[in-house]
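Heads up, the sequence shown is in this note's numbering, so the first residue is 1 and it goes up one at a time. C-beta atoms are modelled at their ideal positions from N, C-alpha and C, and glycine is treated no differently. Take a look at the structure set out below.
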Amino acid sequence: MDKFLGHQEMNSATLKIKVGLEPTNVTNLDTYLAVGVKSYCEHYLHLWENNDPTPYISHGLTKEVVELELSDTNALNYIVNLNEEPIGILKLVINCGIDDISDSDALKAEKIYLLKEHAGKGIGKQLLQFIEETARKLNKKVIWLDAMQKGNPVHFYQKNGYVIKRESEVILPHVKPSEKAMWILTKNL
């Protein structure tokens, strides 16, 4: 069953778009993987030598990896749906501290991927609101995530109340050296 995120106005017409989250399970795992890989590739191929994201895909978006996540009570995986069509994925890690912030105080937004055609429509903001609601229900004090230093996502997160905590970098093999730099951003609740 979808977790309803709300409605978004589409121009001045009365048309509303329903954005929802569908918990990932073994039945819809192939959809989660297909949308996750496609959305990742649409945004991040430029990070990889020869535009080959295999190191990332094999690390986080294979059937074997996500099946393990589905059996892990610390991971929440969702398919993001727009009008009941899959348009992205979301992965949260419930107890995941960073630096001086304990596991019990922090929730990590590990994957927030939308198909490129749906970027810039307010869906990401709705997802951040859902993440905050989830963190509050779990009595978390902080949400954190990683974002590439280059590009627009870091500005999007900052506009939504996240602050840069420190630098980080992609540690997987075959990332172009010029693209490794990341920020860790946090938001206090």
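- Under the three-state reduction of DSSP output, E22 falls in the strand class.
- Looking at K150, N77 and I123, the one whose alpha-carbon comes closest to that of E169 is K150.
- Per the Cβ contact rule, the region 100 to 107 is not in contact with the region 83 to 91 (fewer than 3 Cβ pairs under 8 Å).
- With a threshold of 16 other beta carbon atoms within 10 Å, I79 meets it and is buried.
- In its chain, beyond the 5 residues on either side, T73, N74, A75, L76, L107 and L138 have a beta carbon closer than 8 Å to the beta carbon of I94.
- In the structure shown, the three-state DSSP call for D30 is helix.
- Looking at Y157, K187 and E179, the one whose alpha-carbon comes closest to that of L45 is E179.
- In this structure, E110 lies near K91, with their beta-carbon atoms less than 8 Å apart.
- Taking the C-beta atoms as reference points, K176 is found no nearer than 8 Å to L61.
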